[in-house]
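In the numbering used here, the protein residues as written are 600 to 872. Below is one structure; the comments refer to it alone.
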């Protein structure tokens, strides 16, 4: 039986600690009510299915958001395979471990209103279709990519896969408007299929495309988004050395998609200048 632990000592044989053998979710919770909860639970279930980890009972998971208390919080859920097995061999009957933590959260509204500066990363994501889309615990590629810059003016870094195709930012999904079409990278080989991305794709005609970073040169608007931070319009794009490649003036197009996203999260939207 999986028992949730808010504060836990994780034993050294836990497979999530040793091998990244598990999945996680980060959920925005407003006064005890989780946002995009069905999408988070769907992705968690898919991650558990692909890894062969028993999914915690829905009743166990559903009771956790109410325990975060009043105000705006981020609820982090971690499901590992637990202990056991021999080396990489998994145990025949895993006993998964469910860990959770809630933390106060304050969004960054200036990034909503003024837009953000982003850059390309040198690191390329490895391609593994079996793990594509799910939020597994092995995020070393993202950690290494985030180490590429320490300039506080740069909000995020964009990642391509080993074939040079756009995938995502280090912790956010990527969207753009090109020739009147809303587009987002295909995530068939790597990357995380975000829950805000999923909700927006259910509501809007956003096309998944396989393309290199040159697509952003032709974009009328670019955004980064996730289910915690909301949607950040991109005002400036740099190369991996910090040289500017493209700048955008924020307008109606930026605010339109932002409004759709923020309505899902209870965040405000700036009016276009």
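Don't be surprised by glycine CBs; every beta carbon is placed ideally from N, CA and C. Since we're looking at a predicted model, the values are computed, not measured.
Rounded to whole angstroms, residue 799 and residue 641 show a C-alpha spacing of 15 Å. Just so you know, the alpha carbons of residue 613 and residue 681 end up roughly 5 Å apart.
In this structure, residue 830 keeps its C-beta atom at 7 Å or more from the C-beta atom of residue 821. Under the DSSP assignment, residue 831 falls in the beta strand (DSSP E) whose first and last residues are 829–837. Within the region 616–650, the beta strand (DSSP E) runs of at least 3 residues that lie entirely inside it are, in chain order, 621–629. Beta-carbon to beta-carbon, residue 717 and residue 786 are separated by about 19 Å, too far to satisfy the 8 Å threshold.
Taking 8 Å as the upper bound for CB-CB distance, residue 698 and residue 633 are not in contact here, some 17 Å apart.
Straight across, the Cα-Cα distance linking residue 679 with residue 616 is about 8 Å.
Counting only the Cα atoms, residue 734 lies some 24 Å from residue 865.
Counting every other CB atom within 10 Å of its CB across the protein chains shown gives residue 761 a total below 16, marking it as exposed. For residue 773, the number of other beta carbons within 10 angstroms of its own is at least 16, and it is reported as buried. Ranked by how close their Cα comes to the Cα of residue 780, the residues 693, 625, 725 and 818 have 818 in first place.
The beta carbon of residue 783 sits closer than 7 Å to those of 772, 773, 774, 796, 805 and 807, all from its chain and outside the five residues before and after it, given in chain order. Excluding the 5 residues flanking it on each side, residue 768 has same chain C-beta neighbours closer than 8 Å at 717, 755, 756, 757, 758 and 823, in chain order. Taking 4 residues as the minimum length, the alpha helix (DSSP H) runs contained wholly in the region 751–808 are 794–802, in order along the chain. Here residue 868 carries a coil assignment [DSSP, helix/strand/coil]. DSSP places residue 822 in the uninterrupted beta strand (DSSP E) bounded by 820–825.
Contact check for residue 794 against residue 826 passes: the beta carbons are separated by less than 7 Å.
Taken in chain order, the whole alpha helix (DSSP H) runs of length 4 or more contained in the region 667–750 are 708–713 and 739–745. Excluding sequence positions up to five before and after residue 727, its CB lies within less than 8 Å of the CB of 788 and 789, all in the same chain and listed in chain order. Judged by beta-carbon spacing, residue 811 lies within the 7 Å limit of residue 763, meaning their Cβ atoms are closer than that value.
Residues of the same chain with a CB within less than 7 Å of the CB of residue 646, apart from the 5 flanking positions on each side, are 622, 733, 734 and 735 in chain order. Annotated three-state conformation of residue 848 is coil, per DSSP. For the 7 Å CB-CB criterion, residue 846 and residue 835 form a contact. Residue 667 places its beta carbon 7 Å or farther from that of residue 626. Residues of the same chain with their beta carbon placed closer than 6 Å to that of residue 691 are lacking, with the five preceding and five following residues left out of the count. Following the DSSP letters along the chain, one finds residue 660 inside the alpha helix (DSSP H) bounded by residues 657–661.
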